[in-house]
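The opening residue of the sequence shown carries number 500 in my numbering; numbering runs sequentially from there.
To start, the structure itself, in structure tokens.
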Amino acid sequence: MAQREDHVWRATSHSLIDQRVTSISAREGVILAGTTHGVFRSDDLGGTWRNASTGLTQLHVRWLAYHPAISDREFAGTEPAGIFVSHDGAQTWRECEEVAALRDQHRWMLPYSPEAGCVRGFAFQGKRAYAAVEVGGVLRSADDGETWQLAEGSDGNPDLDGPPEPWVYPDVHSIEVHPTSPDLAFAPTGGGFYRSRDGGRTWELLYDCYCRAVWIDPADPDRMILGPADGVAQAGRIEETRDGGVTWQNVSRGLPVPWQNHMVERFVQVVDELFAVLSNGELSVAALATLEWQPVLPDIRSITALTAFP
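Okay, here's the thing in structure tokens:
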């Protein structure tokens, strides 16, 4: 846990020190932490934790998310690739078996692990939900995340050569949906940054790069901030477009880019600031109005996820 006073960040507590935390979410006074050994829950701002993995048959959690419109509806994406949903705030979990069936049918995989792929991102808009599968493609739900299928523009084939447009590249690292439309989705992948205007039926390549993270301006879908690289953690940097991806400008001011061995892993907006979680465990922040980046907790080099209480 950390807090900021007089523009200076300070670590205030350490917990789950015996666990490798992969993701975290906070909502309604509850913090959930995804780890390589399951989900843990805190009801006292991280003071104490208890295991909250009942029903979670795959314990390596890669991403946690909650449904923004449904209280106590939580989601866990796992390695090997699976989606688990909770209706009681992570007291119990139910596996979405159709995802496991797709995983086995298409033989999803990971280039750095013997496991059969992983689910490493969720996005929600109305009853629509999306999930990012590495390496497998984009999943879509029409019933608040209760059931899932491949988006029409994702063939499920984990071939890293990838299909051409209008298909999405299968190595999907995260997924975003714009608040103006459940059909406007964005996918950073190992083969480029993609946008769909029709709910994942077709995709267009906006930027030929390797990327894992994007921020989409909730007020203007033509403004996007991306963390591209030339390859896996090669020449990582931060760039921005204000014309829907037609042109891109470097907005890495204050950062020693290009990074030779790391890149942006996730972007997290908190009010009017944007945080960048880097793949080497560093954390930076910039005001969205200026995009002047500054380090956060520079003495800590093992940050893997970030969340803020609403």
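Note that CB positions come from ideal geometry on N, CA and C, so glycine has one too.
If you're wondering where the values come from, they're calculated on a predicted model, not measured in any experiment.
Contact check, residue i vs residue j, beta carbons under 8 Å
{"i": "residue 739", "j": "residue 790", "result": "yes"}
{"i": "residue 652", "j": "residue 617", "result": "no"}
{"i": "residue 798", "j": "residue 786", "result": "no"}
{"i": "residue 624", "j": "residue 676", "result": "yes"}
{"i": "residue 574", "j": "residue 621", "result": "yes"}
{"i": "residue 535", "j": "residue 521", "result": "yes"}
{"i": "residue 619", "j": "residue 562", "result": "yes"}
{"i": "residue 696", "j": "residue 683", "result": "yes"}
{"i": "residue 769", "j": "residue 508", "result": "no"}
{"i": "residue 581", "j": "residue 597", "result": "no"}
{"i": "residue 655", "j": "residue 601", "result": "yes"}
{"i": "residue 529", "j": "residue 540", "result": "yes"}
{"i": "residue 756", "j": "residue 735", "result": "yes"}
{"i": "residue 737", "j": "residue 775", "result": "yes"}
{"i": "residue 723", "j": "residue 744", "result": "yes"}
{"i": "residue 778", "j": "residue 754", "result": "no"}
Closest Cα partner of residue i within the set the options
{"i": "residue 589", "options": "549, 611 and 606", "result": "549"}
{"i": "residue 569", "options": "726, 750 and 642", "result": "642"}
{"i": "residue 628", "options": "650, 613, 615 and 612", "result": "650"}
{"i": "residue 780", "options": "656, 745, 752 and 732", "result": "732"}
{"i": "residue 680", "options": "673, 672 and 694", "result": "694"}
{"i": "residue 659", "options": "709, 645 and 749", "result": "709"}
{"i": "residue 613", "options": "639, 578 and 647", "result": "578"}
{"i": "residue 808", "options": "572, 524 and 711", "result": "524"}
{"i": "residue 758", "options": "727, 543 and 714", "result": "727"}
{"i": "residue 560", "options": "533, 543 and 715", "result": "533"}
{"i": "residue 586", "options": "551, 611 and 558", "result": "551"}
{"i": "residue 712", "options": "566, 631, 516 and 531", "result": "631"}
{"i": "residue 645", "options": "626, 657, 661 and 662", "result": "626"}
{"i": "residue 707", "options": "717, 678, 663 and 674", "result": "663"}
{"i": "residue 788", "options": "527, 750 and 800", "result": "750"}
{"i": "residue 515", "options": "542, 546 and 527", "result": "546"}
{"i": "residue 527", "options": "674, 513 and 542", "result": "542"}
{"i": "residue 648", "options": "599, 673 and 793", "result": "599"}
{"i": "residue 564", "options": "615, 673, 661 and 760", "result": "673"}
{"i": "residue 567", "options": "747, 678, 800 and 746", "result": "678"}
{"i": "residue 717", "options": "748, 572 and 773", "result": "773"}
{"i": "residue 603", "options": "800, 748, 793 and 657", "result": "657"}
{"i": "residue 792", "options": "760, 800 and 752", "result": "752"}
{"i": "residue 558", "options": "592, 640 and 572", "result": "592"}
Beta-bridge pairing of residue i - partner residues as DSSP gives them
{"i": "residue 733", "result": "730"}
{"i": "residue 709", "result": "728"}
{"i": "residue 785", "result": "773"}
{"i": "residue 767", "result": "774"}
{"i": "residue 535", "result": "DSSP lists no partner for residue 535."}
{"i": "residue 594", "result": "583"}
{"i": "residue 759", "result": "Beta-bridge pairing links residue 759 to no other residue."}
{"i": "residue 636", "result": "632"}
{"i": "residue 569", "result": "According to DSSP, which records beta bridges pairwise, residue 569 is partnered with nothing at all."}
{"i": "residue 550", "result": "539"}
{"i": "residue 609", "result": "612"}
{"i": "residue 749", "result": "738"}
{"i": "residue 560", "result": "577"}
{"i": "residue 624", "result": "627"}
{"i": "residue 588", "result": "None; residue 588 has no bridge partner."}
{"i": "residue 544", "result": "For residue 544, which the question treats as bridged, DSSP gives no partner whatsoever."}
Distance between beta carbons of residue j and residue i, contact taken as under 8 Å
{"i": "residue 742", "j": "residue 721", "result": "6 Å"}
{"i": "residue 538", "j": "residue 544", "result": "About 17 Å; that fails the 8 Å criterion."}
Open item on the list: Pairs of beta-carbons, one from the region 760-772 and one from the region 786-804, closer than 8 Å: are there three or more?
Closed with: The region 760-772 vs the region 786-804: in contact.
Open item on the list: For the region 666-675 against the region 690-705, do three or more pairs of beta-carbon atoms, one drawn from each stretch, fall closer than 8 Å, so that the two count as touching?
Closed with: A contact exists between the region 666-675 and the region 690-705.
Open item on the list: Pairs of beta-carbons, one from the region 599-614 and one from the region 626-646, closer than 8 Å: are there three or more?
Closed with: Note that the region 599-614 touches the region 626-646; at least 3 beta-carbon pairs, one per stretch, sit closer than 8 Å.
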